[in-house]
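*Asks:* Encoded as structure tokens, here's the structure I'll be asking about.
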Amino acid sequence: MSTLENLSCPIDAAPLSRDERVLKCEHGHTYDVAKTGYVNLLPVQNKRSKDPGDSKEMVAARQAFLNQQHYFPIVNAILSSWPKDHLVKGVRIFDAGCGEGYYLSEIGKTLSDRDIAIERTGLDISKWAILAASKRDKTVSWLVGSNASLPMPKDRFDAVLCLFGFPVFTEFSRVLSDDGLLLLVESGSDHLIELRKILYPSIHEYKQTFSEGLADFDLVLEQAETFTFTLDSQIQIQDLLSMTPHIHKASYEGREAVKLLDSIILTADIKLRWYRKKIKEVNHV
1324 MSTLENLSCP
1334 IDAAPLSRDE
1344 RVLKCEHGHT
1354 YDVAKTGYVN
1364 LLPVQNKRSK
1374 DPGDSKEMVA
1384 ARQAFLNQQH
1394 YFPIVNAILS
1404 SWPKDHLVKG
1414 VRIFDAGCGE
1424 GYYLSEIGKT
1434 LSDRDIAIER
1444 TGLDISKWAI
1454 LAASKRDKTV
1464 SWLVGSNASL
1474 PMPKDRFDAV
1484 LCLFGFPVFT
1494 EFSRVLSDDG
1504 LLLLVESGSD
1514 HLIELRKILY
1524 PSIHEYKQTF
1534 SEGLADFDLV
1544 LEQAETFTFT
1554 LDSQIQIQDL
1564 LSMTPHIHKA
1574 SYEGREAVKL
1584 LDSIILTADI
1594 KLRWYRKKIK
1604 EVNHV
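Following this line, the structure appears as structure tokens:
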């Protein structure tokens, strides 16, 4: 079962302790554990909208698509590229922007099959995503929260995963243990290129993110993963479209053209970058 342990109050950063179905800090702030096992650690004052993150409909579309296992090669790429020395003694994993929990759940299954001790925590700003995640896998601690202010103490995790999300590197560095790993997974230049050519009159030039490096991290490994998959119904195509930013960015004409498709073969172009946290030197006087 999920532990919901070693977390911090999102209001004052005090340690949270669990009492039955409530988490509480020493200053009297309390957070109810939902029926499905997750806890909402996103205070109202930290919300930028009434219902932040992915909508209920977007989460349902993403779950329907990912459950078809079209993106399982990404799970394999993550596991095969994971620095082997890092998994020997077990690993505490944090998925920052976990969505409806597909990747963290699948990674957990594989590592458990290898008899690697794991502890997993997933966080997303969308309550709908975390609700779906908490129904998918009961062995993970699922949290509603923001990457901008992570509700956990420093040195909490051995690995932070940010898959197609919005990284906040100062917070990632804070919650990572010394020598901890950060994984960024992002789309490459040809990701879903066949669909994008239908949606847009022209394709923007690809620009790699964080090409100058990261202040608190050293790049360990960079890897590209490319594969194709087939969507053979309009329902599957719309599920994919609905879980991407293209559903909002594409023109009306582009979206209407996609509605005419019965099937499509798509390219997945994924970039994986593993970083290791820099150990800050301590000046002794």
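The sequence shown maps to residues 1324 to 1608 in the numbering used here.
All residues carry an ideal CB built from backbone N, CA and C; glycine is no exception.
(1) DSSP on Q1392, reduced to helix/strand/coil?
(2) Pair every Cβ in the region 1445-1456 with every Cβ in the region 1332-1348, then say whether three or more of these pairs are closer than 8 Å.
(3) Just grab the DSSP bridge partners of L1506 for me.
(4) Pairing CB atoms from the region 1526-1539 with CB atoms from the region 1564-1573, are three or more of them under 8 Å?
(5) Let me confirm a value: Q1392 is counted as buried when at least 16 other C-beta atoms fall within 10 Å, else exposed. Which label applies?
(6) With a threshold of 16 other CB atoms inside 10 Å of the CB of L1589, please say whether the residue is buried or exposed.
(7) Taking a contact to mean a Cβ-Cβ separation below 7 Å, would you say V1483 touches A1419 in this structure?
(8) Please classify R1596 as buried or exposed, where buried requires at least 16 other C-beta atoms within 10 Å of its C-beta.
(9) So, with DSSP's three-state summary, where would you put L1402?
(10) Kindly indicate which three-state DSSP category Q1546 falls into: helix, strand or coil?
(11) Does any heavy atom of the ligand NAP sit closer than 6 Å to the C-beta of S1404?
(12) Between C1421 and A1455, which are expected to be in contact by the criterion C-beta below 8 Å, what is the C-beta distance as a whole number of angstroms?
(13) In whole angstroms, what is the alpha-carbon distance linking W1465 and E1328?
(14) State whether the region 1496-1516 contacts the region 1427-1444, with contact taken as three or more CB pairs (one from each stretch) at a distance under 8 Å.
(15) Kindly indicate which three-state DSSP category Y1361 falls into: helix, strand or coil?
(16) Smallest Cα separation from V1367: which of V1411, R1415, G1468 and M1381?
(17) What's the gap between the Cα of L1410 and the Cα of R1578?
*Replies:* On the basis of the data shown:
(1) coil
(2) no
(3) L1484 and W1597
(4) no
(5) exposed
(6) buried
(7) yes
(8) buried
(9) helix
(10) strand
(11) The model depicted lacks the ligand NAP and carries no ligand whatsoever.
(12) Between A1455 and C1421 the Cβ distance is about 10 Å, and since that is not below 8 Å, they are no contact.
(13) 11 Å
(14) no
(15) coil
(16) G1468
(17) 44 Å
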